[in-house]
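Here is the structure we will look at, set down as C-alpha cells.
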C-alpha cells in the first residue's frame, strides 16, 4: 500500500500530465523564493555558494520527505473515515437507514 501511495504522491499514477497553475499562489511564491535566493547567492563567495547549495538541497529533501509522509497519513486517515462510514450501523440509533 505504501508504494502505491508514494507513486500517487510523486504523480506517477497520473493518466495525463498537468501543468502548474501560473496564476496560483504556489507558483507565485516559488517565483519569489527563486528571486530572493538569486539575490542572496550573488552576495556569496564560491565556498559559501557551495555550502548554501548543500543546505538548500537537504532542506528540499527534508521537505519532500515530510510532505510525502503527511500525504500518506492523510490518505490513511481518509480511508479510515470511509471504512468507519461504511461500517455496520445497526447499533446506531441516529443512523437514518434501517439495517
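Numbering (our numbering), first residue to last: -2 to 96.
Positions of the beta carbon are idealized from the N, C-alpha and C atoms, including for glycine.
With respect to the 7 Å criterion, residue 69 and residue 2 are classified as neighbours on the basis of their beta carbons. For residue 40, no alpha helix (DSSP H) run applies, since DSSP gives it neither H nor E.
Ranked by Cα distance from residue 35, the first of -1, 49 and 24 is 49. Sequence-distant Cβ neighbours of residue 65 in its own chain, meaning closer than 7 Å and more than five residues away, are 3 and 6. Judged by DSSP secondary structure, residue 7 falls outside any alpha helix (DSSP H); it is assigned neither H nor E. In this structure, the CA atom of residue 71 is about 36 Å from the CA atom of residue 47.
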